[in-house]
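Asks:
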Amino acid sequence: MAKTTDAFALNEWLVIGRLEDVTHDKPRITRLLGQDIRAERTADGTIGVWETDPSGHKGRALPVQERYGHVFVTLGETPRDLLEMPEFEEEGRRLVTIGYVRVKTSPLRVVENFLDLGHFPYVHTNYLGAEPQTEVANYKAEIREDVDEVWATDCSFFQQKAAKSATDGQQSEYEYRVTSPFITVLYKTCPIKPGAWDLVGLFVQPLDEDLCEAHSFVLPFDEENTDVELRHFQQTIFLQDRPILENQLPALLPLTPGMEMPARADATSMTYRRWLKKKNITFGVQKDAADNSNRAA
Amino acid sequence: MEQTSWIVAGLSAGLFEGSVMPVKTPGKDLAVWRQRSGQANAVEDRCPHRGMRFSMGFVRGDQLACRYHGWEFDGTGVCKNIPAHPNLQPPKTICAKTFACQEVNGFILVHVGDDSAAMPAEYSELESENLVPVRSVYLDASIETVRHWLMQTAFPPFAVGQDGPDTLVTYIYDNPGENLVRISAQTGAAKEELIFALQSLDDDRTGVHVQVSGMGSEEEMPAVQQHVSRWLADLRFRLESNDQNELNNLKISA
Numbered sequence: 020m021a022k023t024t025d026a027f028a029l030n031e032w033l034v035i036g037r038l039e040d041v042t043h044d045k046p047r048i049t050r051l052l053g054q055d056i057r058a059e060r061t062a063d064g065t066i067g068v069w070e071t072d073p074s075g076h077k078g079r080a081l082p083v084q085e086r087y088g089h090v091f092v093t094l095g096e097t098p099r100d101l102l103e104m105p106e107f108e109e110e111g112r113r114l115v116t117i118g119y120v121r122v123k124t125s126p127l128r129v130v131e132n133f134l135d136l137g138h139f140p141y142v143h144t145n146y147l148g149a150e151p152q153t154e155v156a157n158y159k160a161e162i163r164e165d166v167d168e169v170w171a172t173d174c175s176f177f178q179q180k181a182a183k184s185a186t187d188g189q190q191s192e193y194e195y196r197v198t199s200p201f202i203t204v205l206y207k208t209c210p211i212k213p214g215a216w217d218l219v220g221l222f223v224q225p226l227d228e229d230l231c232e233a234h235s236f237v238l239p240f241d242e243e244n245t246d247v248e249l250r251h252f253q254q255t256i257f258l259q260d261r262p263i264l265e266n267q268l269p270a271l272l273p274l275t276p277g278m279e280m281p282a283r284a285d286a287t288s289m290t291y292r293r294w295l296k297k298k299n300i301t302f303g304v305q306k307d308a309a310d311n312s313n314r315a316a
Numbered sequence: 116m117e118q119t120s121w122i123v124a125g126l127s128a129g130l131f132e133g134s135v136m137p138v139k140t141p142g143k144d145l146a147v148w149r150q151r152s153g154q155a156n157a158v159e160d161r162c163p164h165r166g167m168r169f170s171m172g173f174v175r176g177d178q179l180a181c182r183y184h185g186w187e188f189d190g191t192g193v194c195k196n197i198p199a200h201p202n203l204q205p206p207k208t209i210c211a212k213t214f215a216c217q218e219v220n221g222f223i224l225v226h227v228g229d230d231s232a233a234m235p236a237e238y239s240e241l242e243s244e245n246l247v248p249v250r251s252v253y254l255d256a257s258i259e260t261v262r263h264w265l266m267q268t269a270f271p272p273f274a275v276g277q278d279g280p281d282t283l284v285t286y287i288y289d290n291p292g293e294n295l296v297r298i299s300a301q302t303g304a305a306k307e308e309l310i311f312a313l314q315s316l317d318d319d320r321t322g323v324h325v326q327v328s329g330m331g332s333e334e335e336m337p338a339v340q341q342h343v344s345r346w347l348a349d350l351r352f353r354l355e356s357n358d359q360n361e362l363n364n365l366k367i368s369a
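Chains A and B, in that order, are what the protein sequence lines are. The first sequence begins at 20 in the working numbering and counts up by one. The second sequence begins at 116 in the working numbering and counts up by one.
1) Under 7 angstroms Cβ to Cβ from S191 (chain A), same chain only, skipping five residues before and after it: list those, please.
2) For G176 (chain B), I'd like the list of residues in its chain whose CB is within less than 6 angstroms of its CB, leaving aside the five on either flank, ordered along the chain.
3) Where D318 (chain B) and M167 (chain B) are concerned, what is the direct C-alpha to C-alpha distance, given to the nearest angstrom?
4) Nearest by alpha-carbon distance to P105 (chain A): which of A:T287, A:E242, A:D307 and A:L238 is it?
5) Return yes when at least one heavy atom of the ligand ATP lies under 8 angstroms from the C-beta of L238 (chain A), else no.
6) Taking the alpha-carbon positions, what's the L268 (chain A) to C216 (chain B) distance?
7) Excluding sequence positions up to five away, which residues of its chain have a Cβ less than 7 angstroms from the Cβ of P126 (chain A)?
8) Could one say the Cβ of M116 (chain B) lies closer than 9 angstroms to chain A's Cβ atoms, at least one of them?
9) Using the three-state DSSP reduction, which class does N196 (chain B) fall into: helix, strand or coil?
10) Between which two residues does the beta strand (DSSP E) harbouring D349 (chain B) extend?
11) With DSSP as the reference, label Q154 (chain B) as helix, strand or coil.
12) How about I197 (chain B) and S127 (chain B): are their beta carbons less than 9 angstroms apart?
13) Kindly say whether L147 (chain A), judged by its beta-carbon, lies nearer than 9 angstroms to any beta-carbon of chain B.
14) Look at the Cβ atom of T71 (chain A), then the Cβ atom of I48 (chain A), and state whether they are nearer than 9 angstroms.
15) State the DSSP-derived secondary structure class of F311 (chain B), mapped to helix, strand or coil.
16) Looking only at its own chain, which residues have a Cβ that is under 7 angstroms from the Cβ of R121 (chain A), when we skip the five neighbours before and after it?
17) Any idea if M86 (chain B) is buried or exposed, counting beta-carbon neighbours within 10 angstroms, 16 or more meaning buried?
18) Tell me the residue span of the alpha helix (DSSP H) that contains H263 (chain B).
19) What's the C-alpha gap between E240 (chain B) and S299 (chain B)?
20) Just by C-beta distance, which residues in the segment 276-297 of chain A are closer than 9 angstroms to chain B?
21) Quick one, are the C-beta atoms of G129 (chain B) and P248 (chain B) less than 9 angstroms apart?
22) Determine the direct distance from the alpha carbon of Y291 (chain A) to that of L134 (chain A), and round the result to whole angstroms.
23) I want to know whether the segment 138-155 of chain A touches the segment 239-246 of chain A - three or more CB-CB distances under 8 angstroms.
24) What are the complete alpha helix (DSSP H) segments, minimum 4 residues, inside the segment 197-250 of chain B?
25) Where does the unbroken beta strand (DSSP E) through A160 (chain A) begin, and where does it stop?
26) List the endpoints of the continuous beta strand (DSSP E) containing L126 (chain B).
27) Taking C-alpha atoms, which residue in A:T301, A:T42, A:I56 and A:Y195 lies nearest to V130 (chain A)?
28) Kindly list, in the order they appear in chain B, the residues whose Cβ is closer than 8 angstroms to that of Q190 (chain A).
29) Closer than 7 angstroms by beta-carbon distance: list the chain B residues that pair up with I256 (chain A), in chain order.
30) With DSSP as the reference, label H138 (chain A) as helix, strand or coil.
31) Quick check: what's the CA-CA separation for P205 (chain B) versus S231 (chain B)?
32) For D189 (chain B), collect the residues of the same chain with a Cβ closer than 6 angstroms to its Cβ; drop the 5 residues on either side in sequence, then sort them by chain order.
33) According to the neighbour-count rule (16 or more other Cβ atoms, all chains shown, within 10 Å of its Cβ), is T208 (chain B) buried or exposed?
34) If you follow the beta strand (DSSP E) that M136 (chain B) is part of, which residue opens it and which one closes it?
35) Could you have a look at N132 (chain A) and say whether DSSP puts it in helix, strand or coil?
36) Any idea if L51 (chain A) is buried or exposed, counting beta-carbon neighbours within 10 angstroms, 16 or more meaning buried?
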């Protein structure tokens, strides 16, 4: 597809990879919102990103930010600020970047799945949940107008193996924060440090409306496990989600009421959809009811 | 492309108790599943909650559960259980779109049209006493092509005529409905029959669901099924090879 005309999506800071994925030896050649791009490590050690034409020639240079272990770029002229995560400055935390999983679906479906508590016992069996403890207790979901973010608080779920560092089941407390249609962070009870939250972040790179790469990181208090162990745990979780995400029909996220029937447990998803609708985002959204084809793309 | 209001979705013997299978039709994707108590059902292949394919789900007792959140639906498509809210009676508004599903003489038939067409009579007219299911095969050819070649195949895989060239066999080709082909072989008083139910998946793909009758005793059936299966594999090779010589070999010689 060609570069999107969705003004909101164009003016977001979007992930295109980890810092270490762009080296002097190896550029990252990828796509963003339908636009082919190329990221290179320049002579001064910083990362440059350019739009490229179909034959791979560099065109317009794009604004770049190197933050949170990742590279962010924007295709727009007046981008909204990238989220702030003050926890990155906290003593004792460790950043482990996970890499990405390519998923053939709308980037919005991937974010919505990340916000979902009800699927834990069925998709992440014996990791993030298991029958018969399937109940999703009431929690609070809201759009915080002052910061223009979606938040879900007071979430809790009984988990068999909530994190790599967990040895027993625990009642995990969760908070979800959505700062962009493509970026969300989960704050979760730390299994080894009472009162502290571990962070799990999801940066979704929208390649096309129905194709994305889900980049993620963890920022826990954890001195026991190696980076590789933490990475394997998160990758296991993401790979359990992928077959689900690639079998939802339609692939694009429906925002028309009645096309999908939520329950109370879906309050975060409903709030996220309401927020997307308010922003008039069209990228990755099912276009109209007549389009409701019962076929995968 | 053909879209009839009733389609054949498979062989009854191919759908086990407690299992669910995806069924393609030119217009829509279905999930066909069998309750533990035996009843077969057809539902749109999409959970009304978050659009997940039901065909990747699982059967619990007499209910079909979605793989994503475990929501359970009965044979009429009504949601009976939302695990996230165990104490909640699911609202009646939450239901999956279902299609009439009937099993007739070993075939699973599904009414996919919006019309009120009655089930095609040719399926109930099959002699039911001694039908034996063989298998389903899926061919990269249109339903018209498959029907065409079945109706003029020169060497249908009957048991008679295998003993030598001197047996006098009369073949009868019948196409009693647009998706049913019956080929019988009459040898004196004995009659063998091959029954092919055709399922259009899309313009270029066709499912063929095969049963036989009168082709031997119960002990002989495994050999008969193998023989017919081998013939079907050969038919598939020839149809998919696009080789006119190969296709001509299927024809009845003039």
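Glycine residues also receive a C-beta, built at the ideal position from the N, C-alpha and C atoms.
Replies: A quick look at the data gives this:
1) The beta carbon of S191 (chain A) is closer than 7 angstroms to those of S175, F176, Q178, A181, K207 and T208 in its chain, skipping five residues each way along the sequence.
2) Excluding residues within five positions, the ones whose Cβ falls inside 6 angstroms are R151.
3) Straight-line Cα distance between these residues: approximately 25 angstroms.
4) Closest option to P105 (chain A), Cα to Cα, is A:L238.
5) The ligand ATP is absent from the structure shown, which contains no ligand whatsoever.
6) CA-CA distance, L268 (chain A) to C216 (chain B), rounds to 23 angstroms.
7) Taken in chain order, the residues that qualify are F201, V223, P225, C231 and G303.
8) In this prediction, M116 (chain B) has a pLDDT of 40, which is less than 50 and means its spatial position is unreliable; what the coordinates show is noted afterwards. False, the Cβ-Cβ gap to chain A never drops below 9 angstroms.
9) In the structure shown, N196 (chain B) sits in a strand (DSSP, three-state: E or B).
10) No beta strand (DSSP E) holds D349 (chain B); the alpha helix (DSSP H) holding it covers M336 to S356.
11) Here Q154 (chain B) sits in coil by DSSP.
12) Not a contact, by the Cβ cut-off of 9 angstroms.
13) No, its Cβ sits nowhere closer than 9 angstroms to a Cβ of chain B.
14) Between T71 (chain A) and I48 (chain A), the C-beta spacing is below 9 angstroms.
15) In this structure, F311 (chain B) counts as strand in the three-state DSSP scheme.
16) Answer for R121 (chain A): E232, listed in chain order.
17) One cannot answer for residue 86 (chain B) here, as it falls past the ends of chain B, which runs 116 to 369.
18) I258 to M266 is the extent of the alpha helix (DSSP H) around H263 (chain B).
19) Near 15 angstroms, if we compare the C-alpha coordinates of S299 (chain B) and E240 (chain B).
20) For the segment 276-297 of chain A, residues whose beta-carbon sits nearer than 9 angstroms to a beta-carbon of chain B comprise M278, E279, M280, P281, A282, R283, A284, D285 and S288.
21) Contact: yes.
22) Whole-angstrom Cα-Cα distance: 9 angstroms.
23) With the cut-off at 8 angstroms, the segment 138-155 of chain A and the segment 239-246 of chain A do not touch.
24) With a minimum length of 4 residues, the unbroken runs of alpha helix (DSSP H) contained wholly in the segment 197-250 of chain B fall at 236-239.
25) A160 (chain A): member of the beta strand (DSSP E) spanning K159 to R163, first to last residue.
26) Looking at the DSSP string, the run of the beta strand (DSSP E) that includes L126 (chain B) is W121 to L126.
27) Of the candidates A:T301, A:T42, A:I56 and A:Y195, the one whose C-alpha sits nearest the C-alpha of V130 (chain A) is A:Y195.
28) Chain B residues near Q190 (chain A): none, gap ~16 angstroms exceeds 8 angstroms.
29) Correct list: empty, because the minimum Cβ distance to chain B is about 15 angstroms.
30) In the structure shown, H138 (chain A) sits in coil (DSSP, three-state: anything other than H, G, I, E or B).
31) Rounded to whole angstroms, the separation of the alpha carbons of S231 (chain B) and P205 (chain B) is 30 angstroms.
32) Cβ within range, chain order: Q178 and K195.
33) Exposed: under 16 other Cβ atoms inside 10 Å.
34) Counting along the chain, the beta strand (DSSP E) containing M136 (chain B) begins and ends at V135 to K139.
35) It is helical.
36) Classification of L51 (chain A): buried, given that the 10 Å Cβ count is 16 or more.
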